[in-house]
Structure formats: structure tokens, C-alpha cells
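As C-alpha cells, the structure follows; a few thoughts come after it.
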Amino acid sequence: MIREDACSSVVNIAKNWEDPTVLQVNREAARAYFVPYSDYETAATEKRGHSPFYTTLNGKWKFRYYSSVLDAEEGFYEETADVSSWDSLLVPSCWQVNGYDQLHYTNINYPIPCDPPHVPDRNPAGQYVREFEISEAWEGKEKFIVFEGVNSCFYVWINGVYVGYSQGSRVPAEFNITSHVRVGINKIAVMVLKWCDGTYIEDQDSWRYSGIFRDVYLLARNEARVRDVFLKPVLSDDFGTAVLKAELDVIGDIEVNIELKDAKGQTVATDSAVVSKSGSIALTIDQPILWNAEQPYLYRVFISSGGEVVTFTVGFRTIEIADGVFTVNGRPVKLKGVNRHDSHPTLGQTIPLNHMIKDLKLMKQHNINTVRTSHYPNDPRFLDLCDSYGFYVIDEADLECHGIGGGDQALENESHRLSDDPQWKEAFVERAVRMVERDKNHASIMIWSMGNESGYGNNHIAMQEWTKNRDSSRPVHYEGAAPHYKGSTNCESLDIESRMYSSVEYIEEYAKNSLNEKPLFLCEYSHAMGNGPGDLKDYWDIIYKYPKLMGGCVWEWTDHGISTETSDGTPFFAYGGDFGDMPNDGNFCIDGLVTPDRKPHTGLLELKQVIAPVKIDILDVNVDQFKITNLYDFVDLSNVYLQWKLEDESGIIQQGVIWHLKAAPQQSETVQLEIDRTVGPRKNRLLSFSVRTKEEAPWSEAGHEITFQQFEFELQASSEEAKLAAKSMAMPAIRVRQSGADLILEGSGYRHTFDLNGGTFRSISKHEVEMLAAPARFAIWRAPTDNDMYAKKQWIDEGYDHIEMKVYKCAWKRIDDGQVDITVRFSLGSYIRRPILSGEAIWRVDGTGQITLMVNAQVREGLVYLPRFGLQLTMPQGNEEIEYFGYGPHESYIDKRQSVKKGHYLFTVDEMFESYIMPQENGSRYGTEWAIASNLLGMGLRFEGEQPFSLNASHYSAEDLERASHNHLLKKSKMTILHLDYRMSGVGSNSCGPALAEKYQLQEKSISFVMKIKPVFKEDE
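Structure, rendered in C-alpha cells:
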């Protein structure tokens, strides 16, 4: 018999996938995550495989994929069905990264027609089958199967009998299968559908994966048992006493024993009680050690009943909002966070345990203390790790219906459609219920989030009210309730004001307004896409200033590139559209602080420095006193030491270590140095501090650098230096001759050629070594960064990307025997528009062969800011060595330079390059004082600005970078392309964040700069 609402090819399967009122069939009520053990010893190992009551079903399953559920095989779940010819697929996994179906990335827009609750008839399906064995030892026990995550909905059969249905992809689904299994060999069959009505509220910005992507396992439980546990740590006002209240949900009447042990395994409290259906046991301890992200001290509770032991870690801590300030254990805390998706470059959303550990170690090493699980609950083991490593977690419900607003853009309130639809109320509320029930016992969870970008209406309000009623110890947040979205105005059950990508000016205005009583949390800010973010310091200067600002989470942790390769075997990371997926959002998924294989971008280094927990300031430069400020909330500075050194361009002058720091949390102390101000007549004297850990930690080796600070001391030149400078004024003679449009300038060992028609040098040489491979030219264009995406449209509209120089007049004259000036009146412009800028360049050549460029330019009024302005030189093959004095070792920009140190650096051109998956402007060095680009023998050009300049050396032109859609498509030039910029505009975070701040825009209308260029054999000079 086939039901009327059944799928036409699979017997007795109701189309639950298009009914938002059917969220499950026969699924167990949500509960806390735990595995029962047989005794205390095995429970203490925290290895679920040690439990005799646990059996994994991970491994190879037989698998068959169908492009439409309408084509799915009937009876595949029958015990007699032969699946031997089927493929094998590893569980857990996402089927798209295993060669099935369409790899598809989209951000906001649904990849299906927006017709809730309906999904396409051509709904891909995957059928899974395997055998498993039930031990005789499990006789008399209740048997359960747990699916930790299946996307998007699924049906289960065991031994040919229908067990149940579930949807809600990123939270567990548990079924009681006692009546369906037997001792010995059993057969399980699962059918997973790609789309269901739940897809409309799982529209997260990510690749759209399908399948059994998290762990699957069996549990054996006593008939009378502890079904659920809610641990509620309660602290006295002075934190001198703690009560651990264990609220128990049990099956039957059972005696329950509870024991609390400290981190050393010593029992600190114990009790027991007979519980029927529900009850509680409370343990009291004196002088509890509190949990926080800086000192994640965990107790362990063991709950035993009838031969079963379940265990949880417990962190004693309070979370409160006092006078608009977010506090942990009574102290104001700043959340220095990132948004983290489950993302692996080869496994998709199936995340190995070691990969989670790698993420968290990297975060700790870069001073991050907070994770927002965007935008769904992560694997429950991830939260165990957050408890033990020490992170504040914003746990987010698996809810996002961002695309609903695009279903009918003519409707003003379309984005709130599902959030206000009573038919969807239970679907919304269940997302909160299953998250809270699973994760409620984790110390690391600070805030419950009601999802992301889903409008705001009565269904959200119901979620919030249920959550606060179930757990009053944590605040509730949801950014979609922000007033500018114009949803419901009922925000009474929200404890926090949340915003995305608000400007620095906005958050300061919020903090200053006394009518704003809730703390402000930036759940997303400072978009880390490509070369960025460039506004971190601006945000944190303000966040630190105002107690009401509780911090935020950078978007986001990792690039979501998929590891793949070209037809010839060249590896690369793919993004939206690379697999023919439509619609797609291109490289918008490449927006992280680390690469897909977890190599830090320079943006992560910037974040590390900006949010560093130790700050160093000069108190009195005359007596060498420095203030060390401890920005930790709970630990003093006794666990770190201060390494310092005084150096100049010639090397280290002094160095030392201060071992005994003691500043209390949020306090400062003074350190005194005795700096030698007499050694050598050097300039550019630098004093650098490095704050390092004394001991090894679970996330770092001893000596790990937490932060650094650098100060510069300018010393006056000595009388001897002044004499040398005066002596150098005697200038050799220069020979000049004109041949047609070529002006040839020669002297001792050099020969330069200036093109009088082109208004520039086309040859610079020393001892017949040519230094130019193309004429020098002015440049204003850069390969747009991801954060330039909006400015880029205006730049191109004005023709910035294809300028040419017009020479109005070019004349030369000899000033004296040792100096020739060439004056060029010019403009830079494109077609259609009036010139972008015009000005005068004076090229002065002296008898040593040095060229001094003096530029005065005026930019046309009404133009959008320039990407850059400066000189571009192309040097011949072999000029691979770049030496400079300025900031390094990595790239830096006017708004992205907190993580670099001034110093003397030597790199190859390739080492100057920062590879982004989407090629773009990269590798520039802000604040360069001088640089030499040369061959390996030191033969090249030396550059020195009258003021520090931005240096870029690359084997790729701006045009090369702009043309390539992926870094593996770049064609490396043998030439070296140099940019010597008067100024480069900042990088910002405008791909999603606010526009680049005006102070970082190159919008000056009158520009003057001086650059000295000299051919050198540097090993002789």
C-alpha cells in the first residue's frame, strides 16, 4: 500500500520534507550530550570507545546517489535487498566532496526556487546501507541510535522496518531502536534528501553540503536510567561557596549517586538520592576555583546509577550584565572573537577532532578568546575543547532564512515572512530547544544566539522566551532584532544589543547614549576577506574606551576554499562558480583570517596585535621608564616575561630580559631600563619589547610571543658625521648630450637615457648593468582587493585602470657641472573623462648618477579617492633581492600595520608576495625609509624618500593580478615590478563592512613628494 502523500517510488514514505509541521517521527526528546560508561575509571578517560555501551557506526557504508528522490530505488531497506553492487562511502562525510552531486556555494540566495515549504521535485537523495552487530551483552538493555548531524533530512529503517524521520541538520537525532534489533547481525538503511522545508531556515553563507556528515553510533542503556542532566553551578556573591545543582530527568525510580572531583582527581563533594521521573541533587563546595577563558579550570562530575556512569566537566562561573556591562565572575570582559564555520578543505563540513584542536590552538596563539559558532551548533566535541582550552562561546541556533527576502523583493516585509508565520513557529522554537538541551552543560557557552539573518518576528520571540525560561543563567542575543531591520519591536527577552558591520562612529555613539542600557556586541565586524581587514585598531580603540561595548567577532575565521586541482594536476582552492554552480557568490566564501589549510593571513597577525592582552607605553623617555599594562581580566603577569633590545641599522646595541612582572588584571606597573645613549652616532635607533610566555601551555611552547611593542629614538648626527656630509657635497661632473628625443646623461660609471617625448627615463645603468626593462611611469592603479569591490566600480568608471600620461612640455637645462634638471609638465588621464591629475615632475640628475624626482600634482575635484600614487619601475630579469629599512616582515598598509616592526629586512621578490586565493593587491610595505632592489650580487637601484613611502616588489603587475581569478592562474614574469608610492590607500573591510575611513583614503587634491633613485653596487658601498 502506497500512501497518497508518499514519494512515488519509495514505499510508505510520507513527504515530510515539505511539511513544516512535521519535524520528526519517533525521534527521542533532545538531551545533553553524553555517553554512558560502565565505571568511573573508563568514564574518566573521556574516550567513548572505551565504553561497553557504545558502538560506532562510522566507517564504510554502501551508498547510492540519485539526482532525484523520484528515481530512488524501492525496497532498498529490505533485509533481502542486494546492495553489493553499490558504491562504498565513508561515514561521516559530505557526499559532494566524494564526487556525487553538485558542489555549490551561495551566500544569501536560495539555490532553489523560493517557494516555502516546497522544494524541487528533482530533489537529490542518497541511500545508505550497512550491517552492524548487537552483542549479547546488550540483552535486556534499551538500544538507541544517534546521528550527530545529517543534512538536510533523513529516514531510517532497521531490518526492513521503518524507524523514523528527522530534520534539522546540525543537531543530534536519536531513535530508540530496541524493538527493531536483535542479537547478532542487523541491517540499517538510511535515505537522506538534499532539500526539505528545513532548507529554508538553513540558508547559511557556506557550501551546500549533504549527507551523514557527523558521527553515527549506538548506545545501550538500562531500562531505568538517567535520561538527561542539567548541571547548574551557582556561586555565592563573594564566590567563596559554590553549589552544583544537578537537575535529573530519569526513566523509572532509581538511586543516583553524584561525585564531584577537582582537576587533580580528588573528590570534593558527593551525595546520592532516589529519583523518580525528575529530581535534583545539590553539592556544596567551599572556595571553588573559578572557570574563565584565561584560566579554564574544570571540575568533573560523575553521575552513577544502576551500573551506568555518565560524566561531565563543570566550570564554576557567573555571567551577568550589570549596568549595561557584560561580566564574567563579576569582572567586565571584552569578547575578542571570530566567527567560525565548520569548514575543511577536503572534507567539507565533516571536521576531524585534530582539525578542531588546530583551529583552537591557532586562535589562542593569536589572542582570540571568543568563538561564535556561525551559524549553527558545532560538533559537540568542539565545545568540550572550548571548555578545556578556554574560550567564550556564542552558541548559535541552526537557523538562517536570509534568502527569504529575495523571494519577492517588491514586498517590504518579506524578510520577516517565516519569522512571523505561525506555521513555522515550532520549526523555529525547536532549533533553540535542540541546541540548548544538547549544550547546556558547557562552561564555555556564554551566550545563546537565536540564529542569524532571519528577519525578526513572533517565532523568534517564542524561541527567546523558551530559552530564557529553560536557562536563566546565560544572556540571549539575536542580531536580526536590530531596529534598522524594521521587524518586531518586542526585544524584551533579548539581553544584548547586537549589530553587524556597524561603523566605528556608530558604536561610539551607542556607547555614549545613556538611554542604551544593554551592552553592544558586534557579532560580525571587520570583514577579513582577501587583503584585510584594515580597520581593526580603530574598532578596538573605541571598544576598550567604553565599558558598554563588549567586543565582537571578526568575520571570519577561515577561507572556505575547496582543495581541488586542474586537469594537469595543479592544486588550487576552488570557490563559488568553479564547479559550474548557479547561482553562486564567487569568492565571497574566501573571507577568512586563515587559508583553508590553516595558514595565517596577515590579517590574523594584525588581529593578534590589536587585541593583545599586554600593552606597553613610554612613561618618561628621558629616564627610560615604561608602563606595562595588563589587559587580562583574571590573571596577573607573573606567567610572562619581557624581552627587550636596542638596535639600529648596524645591529643590536643592548638587550635584556625582565623576568619578574606582577601587574594584576587591568592594572599597570613601571619598568626601568638603562638605555645606552652614547654608543655610536647612529640614527634609526629602535627599542623593541617582546612579551613572551614563561611556560609551555596546551596551545603553545614556552617562549611564545604574545605581543610586541617598538619605540624609535632619533639621535642627532655627530660633528664627525656632519663633516662627512659636508665633504660629500663636492659633486663630480656630468656629461650631457641630446640625440633626437634621447637625452643621455653620463658620468663616472653610469649612463642614463631620458626620453624627452615620453617624459621619463627609459634606461638607468651602472658599469653597463641595465637597471630598467621598461620606461619608468607614474601609477595610480592597484589590483583591487576584495574590500575594494565597491570603490572599484567608481575607480573603473573614472578610468583609473587604464591611464596614459600626456606630456605637455619637456625641457632640460644644466644647473652646473654636476647637476642637470629635466622638467616635465604632464597629466594622467583616461578616455572620455577630463584628466585625473596634472602636474610637474622635475627629474634632477647629479654627477654621482643619482636621480632625484620631485613631483607636484593636482588631482581633479570631484573624483573618488585614488588607489595609490607613485612611480612604477620594471627591472630586468635577475633583480630578485629586496633590501629595505622600514616595516616588516610582512605586508603593511596605512590601516593595517599594527603587526609589523620597523627594521632592516632582506627578502627575495617572491618572499615579498602574499598569496591570496583571489589575486589582488598584496605585499606592499608601508613606511619604508629606503630600499634597494638588486641582483644577487647587489647590483641594482637604491630608493630613498624625503618622507617614508610605500614599497611593493613583485613578479606580477597590477594588471596581471586583476586578470587572474585564482592564484594558480597567475603567470609569473621574469621581470621585477616595483612600486614606490607616495601613498597607498588603506584596505579597510568594505566587502561587507563600512566604507574605508576617510583618513585612510588617498583623496588629497595637491600632492608633493620627492624620491631619490641611485644605481648602486651595494656590496661596495
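Per the working numbering, the very first residue in the sequence shown carries number 2; after that it's consecutive.
All C-beta atoms, glycine included, are put in the ideal place defined by N, C-alpha and C.
Here the structure is a predicted model, which is why all the values come from computation and not from measurement.
{"Item": "Closest by C-alpha distance to Asp-961, when choosing among Lys-972, Leu-937, Asp-789 and Gln-410", "Value": "Lys-972"}
{"Item": "Per-residue burial, Met-1012 [other beta carbons within 10 Å of its own, 16 or more giving buried]", "Value": "buried"}
{"Item": "Neighbourhood of Lys-262 by C-beta distance below 6 Å, restricted to the same chain and skipping five residues each side", "Value": "Thr-268 and Arg-301"}
{"Item": "Glu-960, enclosing alpha helix (DSSP H) - first and last residue", "Value": "959-964"}
{"Item": "For Tyr-547, the nearest candidate out of Pro-868, Gly-879, Asp-324 and Leu-24 (CA to CA)", "Value": "Asp-324"}
{"Item": "Proximity below 8 Å, CB of Leu-232 to CB of Ala-243", "Value": "no"}
{"Item": "Neighbourhood of Gly-408 by C-beta, 7 Å cutoff - its chain only, sequence neighbours within 5 removed", "Value": "Cys-115 and Glu-415"}
{"Item": "Beta-carbon spacing of Gln-1004, Tyr-791 below 8 Å", "Value": "no"}
{"Item": "Cα-Cα separation between Leu-864 and Leu-829, rounded to whole angstroms", "Value": "13 Å"}
{"Item": "Backbone CA spacing between Asp-216 and Ile-619 [nearest angstrom]", "Value": "54 Å"}
{"Item": "Reduced DSSP category for Asn-258 - H, G, I as helix; E, B as strand; rest coil", "Value": "strand"}
{"Item": "Residues bridged to Ser-68 [DSSP beta-bridge criterion]", "Value": "Bridge partners of Ser-68: none, in fact."}
{"Item": "Burial state of Asn-355, where buried means 16 or more other Cβ atoms lie within 10 Å", "Value": "exposed"}
{"Item": "Beta bridge counterpart(s) of Gly-338 as assigned by DSSP", "Value": "Thr-371 and Cys-554"}
{"Item": "Buried versus exposed call for Leu-997 [16 or more other C-beta atoms within 10 Å across all chains shown]", "Value": "buried"}
{"Item": "DSSP state of Asp-250 mapped onto helix, strand, coil", "Value": "strand"}
{"Item": "Beta carbon proximity, Pro-534 to chain B, threshold 8 Å", "Value": "Protein chains in the displayed structure number just one, and chain B is not present."}
{"Item": "Buried or exposed (CB count within 10 angstroms, at least 16 for buried), Thr-786", "Value": "buried"}
{"Item": "Local Cβ density within 10 Å of Ala-932, reported as buried at 16 or more and exposed below that", "Value": "buried"}
{"Item": "Beta-ladder partner(s) of Arg-171, from DSSP", "Value": "Paired residue(s): none; Arg-171 is not in a bridge."}
{"Item": "Distance CB(Asn-110)-CB(Gly-404) smaller than 8 Å", "Value": "yes"}
{"Item": "Own chain residues within Cβ distance below 8 Å of Arg-341, not counting five before or after", "Value": "Asp-360, Val-372, Arg-373, Thr-374, Ser-375, Asn-379, Glu-557, Trp-558 and Thr-559"}
{"Item": "Where the alpha helix (DSSP H) containing Cys-154 begins and where it ends", "Value": "Looking at the DSSP string, Cys-154 is not in any alpha helix (DSSP H); the run it does join, the beta strand (DSSP E), is 154-159."}
{"Item": "Three-state class that DSSP yields for Asp-287 in the structure shown", "Value": "strand"}
{"Item": "Neighbour-count burial assignment, Gly-652, 16 or more Cβ in a 10 Å radius", "Value": "exposed"}
{"Item": "Beta-carbon proximity list for Arg-826, same chain, < 7 Å, skipping 5 on both sides", "Value": "Tyr-809, Lys-810 and Glu-841"}
{"Item": "Cβ-based neighbour list, Ser-1009, same chain, cut-off 7 Å, excluding 5 preceding and 5 following", "Value": "Val-856 and Asn-857"}
{"Item": "Distance, Pro-112 Cα to Leu-412 Cα", "Value": "20 Å"}
{"Item": "In DSSP terms, what Tyr-576 is bridged to", "Value": "For Tyr-576, which the question treats as bridged, DSSP gives no partner whatsoever."}
{"Item": "C-alpha gap between Ser-52 and Thr-630, whole angstroms", "Value": "48 Å"}
{"Item": "Inter-residue spacing [alpha-carbon to alpha-carbon] between Leu-979 and Arg-432", "Value": "54 Å"}
{"Item": "Of the residues Arg-835, Arg-834 and Thr-853, the one placed nearest Val-821, counting alpha carbons only", "Value": "Thr-853"}
{"Item": "Burial state of Thr-567, where buried means 16 or more other Cβ atoms lie within 10 Å", "Value": "exposed"}
{"Item": "Paired residues, beta bridge with Tyr-41 - DSSP", "Value": "According to DSSP, which records beta bridges pairwise, Tyr-41 is partnered with nothing at all."}
{"Item": "Whole-Å CB distance - Gly-904 paired with Gly-924, under 8 Å assumed", "Value": "Between Gly-924 and Gly-904 the Cβ distance is about 17 Å, and since that is not below 8 Å, they are no contact."}
{"Item": "Contact check, Cys-402 vs Gly-458, beta carbons under 8 Å", "Value": "no"}
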